[in-house]
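Residue numbers (the numbering used here): 42 to 585.
See structure below.
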Ligand SMILES: Cc1cc2nc3c(=O)[nH]c(=O)nc-3n(C[C@H](O)[C@H](O)[C@H](O)COP(=O)(O)OP(=O)(O)OC[C@H]3O[C@@H](n4cnc5c(N)ncnc54)[C@H](O)[C@@H]3O)c2cc1C
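This is the structure in structure tokens:
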């Protein structure tokens, strides 16, 4: 007898877009208009992708095929046909195309929440970034030669970003890859692009390298497009090996070496590090959003399980302590979703800007750090605790819940670790004082809250955070408080946004979520009032 995936995964059949009640409210609050394709994507993910992804993770991981049958070097990845079909279907639903269509990039980001599989989504994120960079910064000949290949739904190309080298991922200024310009052509030499996701799948990558004679550090880096095959059709670089990873198994992550690889310079080389960071900001926001999405799926699945599981003669969802866990996770997750979508929206609005950019872009950068840091750790904690809600079964590889946690762990590491997010935020705040405007906006938002008692409490709480941020920023030891600043700013923004959102809603559900967030993060040894257990914050996930 054939197994149905719903025998081991209760959320099969949920539409992860149209059935997600808080998501709809958040999108309307932020005035983000979702594309019609997202409805199909929401169904496709629960009906097909999650199952294929679990099978790829356990039984059919990508394999590096180094040689072809006539013993020529191949350096390509063998994917299961189902794996390829999933990627192609998501391309058809516009996940990559929306990153280059005018005004549509918010939908690319939003698709990451729905897909919420940092492995599969990584393949598409890197492709979207490559297409974005080609469209925005390549010269017209390079754009017309390569961009259409990335948007060809029938036989799409895949992209990649090769920045990190063995001696440094955070410290990009230590890059040793060098670029030379001879006879009107660029070539790159690099011994070890040490973390290269999509290596072997990618038909071309965005690569950082230092042009000969350029200064040391990040300022001397330029950004190139490097196709996997050169203009003579030969392999343009080699994939040394694939990494054996804890999670995100579906995206192959390898090591790449380049020897005289043909390359196409993007934009003006003096702005290389700006382009590299702008391109990376797309995957940083993708990362935040997919972290929130994966936490949502873990929470949803755990909720459905908790409605069925009986302990001490009662459904475990009706046990007050576990119910309180659920409510607090719901509040944290909604805050992460708001922050991530705010970052996405800000980047979308600033995506036509170029170096040296402007206020809107700096604002998007600030929010991208806050969102990634917040969502990745919230996701880490929720996906971890959701395993526990399944009790011992949560620890078994035969059920899908453990994979959510393994996949979520990397979201705080790649696209810059938490410390790097915090340090870049610190530098940005010191240089541009963006926190001052953010604080004023938050205070204005609080002044407009309808409920007077919440107005007073929220105002006092965020003022407390602002005072701390100002103190940390003005001290000589500010670097050691960089993460406190990042967290305090994230907490204050979340609190105000959740209450502003609740003012738009007549059901009181969002006020309950905002209150739970307040009691969890802004009161000392008070805890959540028991009356909030009666809240209907999570029942929308029920399917009966
Ligand atoms: C699965 C996976 C896929 C990846 N895919 C890609 C890819 O496709 N392309 C790509 O370019 N890269 C990729 N990366 C690399 C990733 O971006 C880096 O691993 C990450 O940025 C950290 O760099 P690192 O590993 O060199 O660690 P390091 O930079 O050596 O950092 C080590 C530790 O030191 C801390 N640290 C470093 N500097 C400071 C400081 N100044 N102050 C305080 N703490 C500090 C860091 O926070 C970290 O905890 C991938 C990584 C993984 C795990």
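We put the beta carbon where it would ideally sit given N, CA and C, even for glycine.
These figures come from a predicted structure and were not determined experimentally.
- Among the bridge pairs identified by DSSP, residue 264 is matched with 249.
- If the five residues before and after residue 67 are omitted, its C-beta is found closer than 8 angstroms to the C-beta atoms of 375, 378, 379, 382, 542, all from its own chain and listed in chain order.
- Within a 10 Å sphere around the beta-carbon of residue 100 sit fewer than 16 other beta-carbons, which makes this residue exposed.
- Residue 389 and residue 396 have their C-alpha atoms some 16 angstroms from each other.
- Distance check between residue 582 and each of 517, 221, 58 places 58 closest, using alpha-carbon atoms only.
- Selection 460, 440, 486 evaluated against residue 98 yields 440 as nearest (Cα-Cα).
- DSSP places residue 238 in the strand class (E or B) of the three-state scheme.
- Sequence-distant Cβ neighbours of residue 443 in its own chain, meaning closer than 8 angstroms and more than five residues away, are 428, 435, 436, 437.
- Under the Cβ criterion (8 angstroms, minimum of three pairs), the region 215–227 counts as touching the region 190–206.
- For the pair residue 554 and residue 578, the CB atoms are nearer than the 8 angstroms cut-off.
- Of 83, 163, 358, 536, the smallest CA-CA separation from residue 288 is found for 163.
- Look at residue 205: its beta carbon is less than 7 angstroms from one of the heavy atoms in ligand 1.
- Residue 230 sits in a strand when the DSSP states are folded into three classes.
- Pairing residue 137 with residue 168 gives a Cβ-Cβ distance under 8 angstroms.
- Linking residue 195 to residue 92 through their CA atoms gives a straight-line distance of about 24 angstroms.
- Per DSSP, reduced to three states, the secondary structure at residue 106 is strand.
- In the DSSP annotation of this structure, residue 428 is not part of any beta strand (DSSP E); the continuous alpha helix (DSSP H) holding it starts and ends at 400–430.
- Judged by DSSP in its simplified three-state form, residue 551 adopts helix.
- Distances taken from the Cβ of residue 125 to the heavy atoms of ligand 1 include none shorter than 7 angstroms.
- When distances are taken from the beta-carbon of residue 532 to the heavy atoms of ligand 1, even the shortest one reaches 7 angstroms or more.
- Nearest C-alpha to residue 340 among 351, 369, 359: 369.
- Taking all protein chains shown into account, residue 393 has fewer than 16 neighbouring C-beta atoms within 10 Å of its C-beta and is therefore exposed.
- Beta bridge pairing from DSSP links residue 355 with 352.
- Non-local C-beta neighbours of residue 473 in its own chain, meaning closer than 7 angstroms and more than five positions away in sequence, comprise 403, ordered along the chain.
- In the structure shown, residue 312 falls within a helical segment according to DSSP collapsed to helix, strand and coil.
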